[in-house]
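Enquirer: Got a structure for you, questions after.
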Amino acid sequence: MTLTADLVIATSVAYVGLLFLVAFLADRHTRRRAGGFLRSPFVYTLSISVYCTSWTFYGAVGSAARTGLEFVTIYLGPTLVFIGWWFILRRLVHISHSQRITSIADLLSSRFGKSGVLGVLVTLLAVIAIAPYIALQLKAVTSSIEAIAGASEFGRGSLEGWDEGGLAFGVAAGMAAFTILFGTRNVDANEQHHGVVAAIALEAVVKLTALIAVGVFVIYAGGGLEGVFTGAAAAGIDIYDTDTFGDRWIASMLLAAAAIICLPRQFQVTVVENSDESHLRTASWAFPAYMLAMSLFILPIALYGLTIMPAGSNPDMFTLTLPLAAGQGGLALFAFIGGFSSATSMIILESIALSIMVSNHIVVPLMLRFGGEGHVGSDHGVRRLLLRARRVSIVLILFLGFGYFYLTRSSDALAPIGLISFTGVAQFLPAILAALFWRDASAKAAIAAISTGFLVWLWASFLPSFATSSPSVAAIMTEGPYGISWLRPQALFGLDMLDPLAHGVFWSLFANTTVLILGSLVTRQSALEHVQAALFIDMSGRSPSEPGSLHGSATTDDLLLVARRVLGQQRAFDLFSEEARQTGTAWTSLEPTPAFINRLERELAGSIGAASAHIMLSKVVSGGEVSLEEVMRMADETQQVIEHSQALERTSAQLRATAEKLEAANLQLREVDRQKDEFLSQVSHEVRTPMTAIRAFSEILLSERDLDESSVRSFVDTIHKESLRLTSLLDEILDVSALEKGDRVWEANLFDPERSLDQALRVCNALALHNGTTLQVTQRVDSAHVSGDADRLSQVLINLISNAIKYNNAPSPTVWIRSFIDGPHYCVEISDNGAGIPEAEQPRIFDKFYRGQRGRATAYAGAGLGLPISREILARMRGTLELVPSAAEGACFCMRLPLEMHARATG
Ligand code: ADP
1 MTLTADLVIA TSVAYVGLLF LVAFLADRHT RRRAGGFLRS PFVYTLSISV
51 YCTSWTFYGA VGSAARTGLE FVTIYLGPTL VFIGWWFILR RLVHISHSQR
101 ITSIADLLSS RFGKSGVLGV LVTLLAVIAI APYIALQLKA VTSSIEAIAG
151 ASEFGRGSLE GWDEGGLAFG VAAGMAAFTI LFGTRNVDAN EQHHGVVAAI
201 ALEAVVKLTA LIAVGVFVIY AGGGLEGVFT GAAAAGIDIY DTDTFGDRWI
251 ASMLLAAAAI ICLPRQFQVT VVENSDESHL RTASWAFPAY MLAMSLFILP
301 IALYGLTIMP AGSNPDMFTL TLPLAAGQGG LALFAFIGGF SSATSMIILE
351 SIALSIMVSN HIVVPLMLRF GGEGHVGSDH GVRRLLLRAR RVSIVLILFL
401 GFGYFYLTRS SDALAPIGLI SFTGVAQFLP AILAALFWRD ASAKAAIAAI
451 STGFLVWLWA SFLPSFATSS PSVAAIMTEG PYGISWLRPQ ALFGLDMLDP
501 LAHGVFWSLF ANTTVLILGS LVTRQSALEH VQAALFIDMS GRSPSEPGSL
551 HGSATTDDLL LVARRVLGQQ RAFDLFSEEA RQTGTAWTSL EPTPAFINRL
601 ERELAGSIGA ASAHIMLSKV VSGGEVSLEE VMRMADETQQ VIEHSQALER
651 TSAQLRATAE KLEAANLQLR EVDRQKDEFL SQVSHEVRTP MTAIRAFSEI
701 LLSERDLDES SVRSFVDTIH KESLRLTSLL DEILDVSALE KGDRVWEANL
751 FDPERSLDQA LRVCNALALH NGTTLQVTQR VDSAHVSGDA DRLSQVLINL
801 ISNAIKYNNA PSPTVWIRSF IDGPHYCVEI SDNGAGIPEA EQPRIFDKFY
851 RGQRGRATAY AGAGLGLPIS REILARMRGT LELVPSAAEG ACFCMRLPLE
901 MHARATG
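The opening position of the sequence shown corresponds to residue 1 in full-length UniProt numbering, with each subsequent residue numbered one higher.
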């Protein structure tokens, strides 16, 4: 079978005819609501495999022949997403369904406050980024026709009568015609195209079988799988010598993973054309399996091609030229149809997806702004205009692709062109992820981020692709613009050790993400953005009372008018009847409730995008878009006021807390002040008595000249006693204040408390003798160890024993002293047989300057500081002093000090 260009072209046309038929039948099928098979998860999965374009079909073999295993990354990326991160996809599909999202532009515009600017931006950038990709398909189709017709020259042949450009132009025109006929038959509610999807699924089967057929042929011709590899090795072919797992690998894997989410056509098939969310579960394994099957024979074909084809043949075309060289005309034709399938399915779906974006985000808003009532006024106006807009955009998009093809036709590898497109659409990824997961991402930041990413992409990835056809671009590449070397497209900021692809990916996504994050942190969301963000992140669907919702003065008739124009007579009536049935009201007395207006808005959004639907309805509902803006501004302001008052509340709460603290501190200060006053007045009172005595007696001595010797002596004696008392009083006062301030350095020695007791007994014996008091030591400890100051302990014991002697009025006064060990404590107990301390005084005897009944009745009583000083001293040594309730008469005091365990154990 000899293949001529005419035969090949005729076959292609016939194949397109078959697609046409399939699409037509499938459309009719679903229109009768009988599309059981068409709605199966497998058709869904097959339609997702529109990812495998002619780049995969031809280009992967070429890429394997040039750079070894790198082609695998293009499959690995999506596999990771489908298997590992399919919760992202699930969320994407779920949100898009509940919000009636029709495209990526719609998704981003809707999430970021129904922003029209974002919609336009994403649309324009998508169209620009996809142009190289469409060019790639055109290139693949033309090269394949050339290869097959000029078979003798193995892919380098030129076609008689058809020049390359003309051929590509013809293919582009044919594709435009098919897409217009099938992709824009109607403006569907959710932009689902069952006919087209069926045709795409068929193409998926065709391309897979064709590639496998060639693979099987290669294995057969090469003498088995092993034969192919050993043959290649024998011919000295080594394609593994590449930088596997280097920066380029990571970059292209990342790109492929991003592409499966960000490519407009993938969004179209995965999200928009999805009729049942559970299909995603099947696709999560079936799609990776499909890709695996697609990639199985790539390496053998590449190796075999390199082995047997003459040097210089185009490896991109091996799939085709290998069967041709073996004289297998039929197989070659089948392979051609397979490649043709991959190209056409991509072109058709991509241009449908892009045209929806162009019409919904550019044409309709323009029409709403400038078209006046002309189009909206006529019954079919909007629909007709939408369809026309889509048709025009399809033509536009395809010829943009053609333009790119024409300008870059001199570079010959397929894969790099695809990667340029991938890098372009990957710029949507940060914003999409933020839309799904980050509530605080703002529209301004998203717009800035995407624009920044794209500028970097244009410079670092897109521009260099013209280097082979434009000398001035080539000059910029080597020297930088105006000789600024750090602006060289492939070595920005002097970063020249990365592979050009990885370089572009790194800088564009880095700039993009940074701007998105920083921008979101510094900008504020508008009220509508806030609402939309909440809707997207909470996924709870719309609540009927969302602040961005419209309600106003519209009548049901107004709404019906709008609905009929956008949705068409039948669907509008269906919608209104449904609403009437649900609310149980008559069709004529339907109320335009907020819930109903919302529902209508969502339905309209399914056809013309969220932003346009919102503007259109707001025009009807409130009689002009100005008032919508007013509402939004009011909402914004209200929010600002709320935030402001929240901030004020926070500040005043802080102030209150501070004031409370100040008040407490003030109270404390006042208490201290009061105590100080009391202390001072007590001290002056105490000092006054002896001072008065001293002064009185010395005055007598000074004025009375003729006093007898004994009187003088007794006066001087009193003065001496009182000054002694004064000195000891002042000593005690100084002691108290020093103890209370705690600024005296304390000795902390290990000592035997028994020695302190000995010393105290020695001092007190004299006093006891003087008073006629018996001191009885009833129990002693041999020795013990405590830590602290031995002299201070003596002071305490002297005070306690002398108190017991001083305040004892019994006829035969006795004081009992015993020391003992009680658990971990060393204790000394001092009791007497005096009058004891009355119950009413007991709680106060440790207060400073407190003197009890006995204290006042006794001639040589102290200032009431002895007990508080003793207690303070013991506390410093971690001990205690207590008045022990005793059954017998008299008072009993007990002091305790912790024993030093270590010292006790060692002796
Ligand atoms: P001072 O230094 O004046 O002796 P203290 O603080 O030591 O004051 O004692 C306070 C009061 O406790 C004394 O005025 C006395 O009334 C009472 N008091 C202390 N020890 C005894 C005791 N053994 N028997 C009776 N009363 C005592």
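Note that CB positions come from ideal geometry on N, CA and C, so glycine has one too.
Given the structure is predicted, the values throughout are model-derived calculations rather than measurements.
Indicate whether the contact test is met: 3 or more Cβ pairs, each with one atom in the stretch 748–763 and one in the stretch 787–797, closer than 8 Å.
Expert: Segments in contact, yes.
Enquirer: Counting along the chain, where does the alpha helix (DSSP H) carrying Ile719 start and finish?
Expert: Here residue 719 refers to the residue found at position 719 when the sequence shown is read from its first residue. Taken as a continuous stretch (DSSP letters only), the alpha helix (DSSP H) holding Ile719 covers Glu709 to Lys741.
Enquirer: Could you check what DSSP says for Val16 in three-state terms: helix, strand or coil?
Expert: Counting from one through the sequence shown, the residue named residue 16 turns up at place 16. Of the three classes helix, strand and coil, the one that applies to Val16 here is helix, per DSSP.
Enquirer: When DSSP builds the beta bridges, which residues end up paired with Arg896?
Expert: The residue given as residue 896 occupies position 896 in the sequence shown. Per DSSP, Cys827 and Thr880.
Enquirer: Distance, Cα to Cα, Arg66 vs Gly246?
Expert: Residue numbering aside, residue 66 sits at position 66 when the sequence shown is read from its first letter. Residue numbering aside, residue 246 sits at position 246 when the sequence shown is read from its first letter. Approximately 16 Å between the Cα atoms of the pair.
Enquirer: Counting Cβ pairs closer than 8 Å, one from the stretch 688–701 and one from the stretch 721–731, do we hit at least three?
Expert: Contact between the stretch 688–701 and the stretch 721–731 is present, because at least three Cβ pairs lie under 8 Å.
Enquirer: Could you say which of Trp55, Asn809 and Leu655 lies nearest to Met346 if we only look at CA atoms?
Expert: Within the sequence shown, the letter at position 346 stands for residue 346. When only C-alpha atoms are compared, the closest one is Trp55.
Enquirer: If I'm right that Met317 touches Ala147 with Cβ under 8 Å, what's the distance once you round it to whole angstroms?
Expert: As a first step, residue 317 is located in the sequence shown; it is residue number 317 there, counting from the start. As a first step, residue 147 is located in the sequence shown; it is residue number 147 there, counting from the start. Confirmed, Cβ separation roughly 4 Å.
Enquirer: Counting beta carbon pairs with one atom in the stretch 803–813 and one in the stretch 880–888, are three or more of them shorter than 8 Å?
Expert: In short, these stretches do not touch, since the Cβ pair count stays below three.
Enquirer: The alpha helix (DSSP H) that contains Leu487, what's its start and end?
Expert: As a working note, residue 487 is residue 487 in the sequence shown. Note, Leu487: premise wrong, no alpha helix (DSSP H); not H, not E.
Enquirer: So, for Ile476: in the same chain, excluding its five sequence neighbours on each side, which residues have a beta-carbon less than 8 Å away from its beta-carbon?
Expert: For the purposes of this step, residue 476 is taken as the residue at position 476 of the sequence shown. Same-chain partners within the cutoff: Leu463, Arg488 and Pro489.
Enquirer: If you follow the alpha helix (DSSP H) that Ile337 is in, where does it begin and where does it stop?
Expert: Counted from its first residue, the sequence shown places residue 337 at position 337. Here the alpha helix (DSSP H) through Ile337 covers Gly329 to Val358.
Enquirer: In the DSSP assignment, find the unbroken alpha helix (DSSP H) run with Asn749 in it and report its ends.
Expert: Numbered from its first residue, the sequence shown carries residue 749 at position 749. No alpha helix (DSSP H) contains Asn749, which is instead part of the beta strand (DSSP E) from Asn749 to Phe751.
Enquirer: With distances taken from CA atoms, which of Thr45, Ser313 and Asn765 is nearest Thr773?
Expert: For this step, residue 773 is matched to residue 773 along the sequence shown. Of the candidates Thr45, Ser313 and Asn765, the one whose C-alpha sits nearest the C-alpha of Thr773 is Asn765.
Enquirer: Thinking C-beta only, is Ile356 closer than 8 Å to Arg384?
Expert: Within the sequence shown, the letter at position 384 stands for residue 384. Within the sequence shown, the letter at position 356 stands for residue 356. Not in contact: Arg384 and Ile356 (Cβ atoms no closer than 8 Å).
Enquirer: Would the beta-carbon of Gly742 be found less than 7 Å away from any heavy atom of ligand 1?
Expert: The residue labelled residue 742 in the question sits at position 742 within the sequence shown. No; taking the cut-off as 7 Å, the Cβ of Gly742 has no heavy atom of ligand 1 nearer than that.
Enquirer: Assess contact between the stretch 170–178 and the stretch 392–409, defined as three or more Cβ pairs (one per stretch) separated by less than 8 Å. Is contact present?
Expert: Yes, since at least three Cβ pairs between the stretch 170–178 and the stretch 392–409 fall closer than 8 Å, the two stretches touch.
Enquirer: Compute the minimum distance between the beta carbon of Gly788 and the heavy atoms of ligand 1, and state whether it is under 7 Å.
Expert: On the sequence shown, position 788 is the one that residue 788 refers to. No, Cβ of Gly788 sits at least 7 Å from all heavy atoms of ligand 1.
Enquirer: Return the chain-ordered list of same chain residues with a C-beta closer than 6 Å to the C-beta of Arg248, the five sequence neighbours on each side being excluded.
Expert: Within the sequence shown, numbered from 1, the residue matching residue 248 stands at position 248. So the list reads Asp499, Leu501 and Ala502, once near-sequence residues are dropped.
Enquirer: At what residues does the alpha helix (DSSP H) containing Thr123 begin and finish?
Expert: Counting from one through the sequence shown, the residue named residue 123 turns up at place 123. Per DSSP, Thr123 belongs to the alpha helix (DSSP H) from Gly116 to Ala149.
Enquirer: Flag this pair as yes or no: are the beta carbons of Ala251 and Leu76 separated by less than 8 Å?
Expert: Numbered from its first residue, the sequence shown carries residue 251 at position 251. Numbered from its first residue, the sequence shown carries residue 76 at position 76. Not a contact, by the Cβ cut-off of 8 Å.
Enquirer: Using only CA atoms, which one of Ser278, Leu292 and Gly183 lies nearest to Gly57?
Expert: Within the sequence shown, numbered from 1, the residue matching residue 57 stands at position 57. In the sequence as displayed, the identity of residue 57 is Phe instead of Gly. When only C-alpha atoms are compared, the closest one is Leu292.
Enquirer: May I have the straight-line CA-CA distance separating Val515 from Leu433, to the nearest angstrom?
Expert: Within the sequence shown, numbered from 1, the residue matching residue 515 stands at position 515. Within the sequence shown, numbered from 1, the residue matching residue 433 stands at position 433. Straight-line Cα distance between these residues: approximately 14 Å.
Enquirer: Quick one: does the C-beta of Ile837 sit closer than 7 Å to a heavy atom of ligand 1?
Expert: Start at 1 with the first residue of the sequence shown, and residue 837 comes out as number 837. True, at least one ligand heavy atom lies under 7 Å from that Cβ.
Enquirer: Based on Cα-Cα distance, which residue from Arg713, Gln525 and Thr593 lies nearest to Glu643?
Expert: Within the sequence shown, residue 643 is the residue found at index 643, counting from 1. Residue Gln525 is the option with its Cα nearest to Glu643.
Enquirer: Return yes when the C-beta of Ile180 is under 7 Å from any heavy atom of ligand 2, and no when it is not.
Expert: Of the ligands this structure carries, namely ligand 1, none is ligand 2.
Enquirer: Val50 and Arg281 - do their beta-carbons sit closer together than 8 Å?
Expert: Sequence index remark: in the sequence shown, residue 281 carries index 281 (1-based). Sequence index remark: in the sequence shown, residue 50 carries index 50 (1-based). For Arg281 and Val50, no; Cβs fall outside 8 Å.
Enquirer: Please tell me whether, using a cut-off of 7 Å, the distance from the CB of Arg851 to the nearest non-hydrogen atom of ligand 1 is below it.
Expert: Numbered from 1 along the sequence shown, position 851 holds the residue referred to as residue 851. At least one heavy atom of ligand 1 is nearer than 7 Å to the Cβ of Arg851, so yes.
Enquirer: Say yes only if the C-beta of Phe867 is nearer than 7 Å to one or more non-hydrogen atoms of ligand 1, and no if none qualify.
Expert: As a working note, residue 867 is residue 867 in the sequence shown. First, the amino acid is wrong: residue 867 is Leu here, not Phe. Yes; taking the cut-off as 7 Å, the Cβ of Leu867 has a heavy atom of ligand 1 nearer than that.
Enquirer: Does the Cβ of Ile801 lie closer than 7 Å to at least one heavy atom of ligand 1?
Expert: For the purposes of this step, residue 801 is taken as the residue at position 801 of the sequence shown. Not so, every heavy atom of ligand 1 lies at least 7 Å from the Cβ.
Enquirer: Whole alpha helix (DSSP H) runs in the stretch 67–94 with 4 or more residues, listed along the chain?
Expert: With a minimum length of 4 residues, the continuous alpha helix (DSSP H) runs that stay inside the stretch 67–94 are 72–79.
Enquirer: Is it the case that the CB of Asp822 approaches a heavy atom of ligand 1 more closely than 7 Å?
Expert: Along the sequence shown, one-based indexing puts residue 822 at 822. Result no, Cβ not under 7 Å from ligand 1.
Enquirer: Need the endpoints of the alpha helix (DSSP H) that residue 937 sits in, please.
Expert: Since the first residue shown for the chain is 1 and the last is 907, residue 937 is missing from the structure and cannot be characterised.
Enquirer: So the alpha helix (DSSP H) Thr514 belongs to, where does it begin and stop?
Expert: Reading the sequence shown from its first residue, position 514 is the one you call residue 514. Pro500 to Val522 is the span of the alpha helix (DSSP H), which, as asked, contains Thr514.
Enquirer: Cβ of Arg854 within 7 Å of any heavy atom in ligand 1?
Expert: Position 854 of the sequence shown, counting from 1, holds the residue named residue 854. At least one heavy atom of ligand 1 is nearer than 7 Å to the Cβ of Arg854, so yes.
Enquirer: How long is the line joining the alpha carbons of Asp731 and Tyr850, rounded to whole angstroms?
Expert: Locating residue 731 in the sequence shown gives position 731, where the first residue counts as 1. Locating residue 850 in the sequence shown gives position 850, where the first residue counts as 1. The alpha-carbon atoms of Asp731 and Tyr850 are separated by roughly 17 Å.
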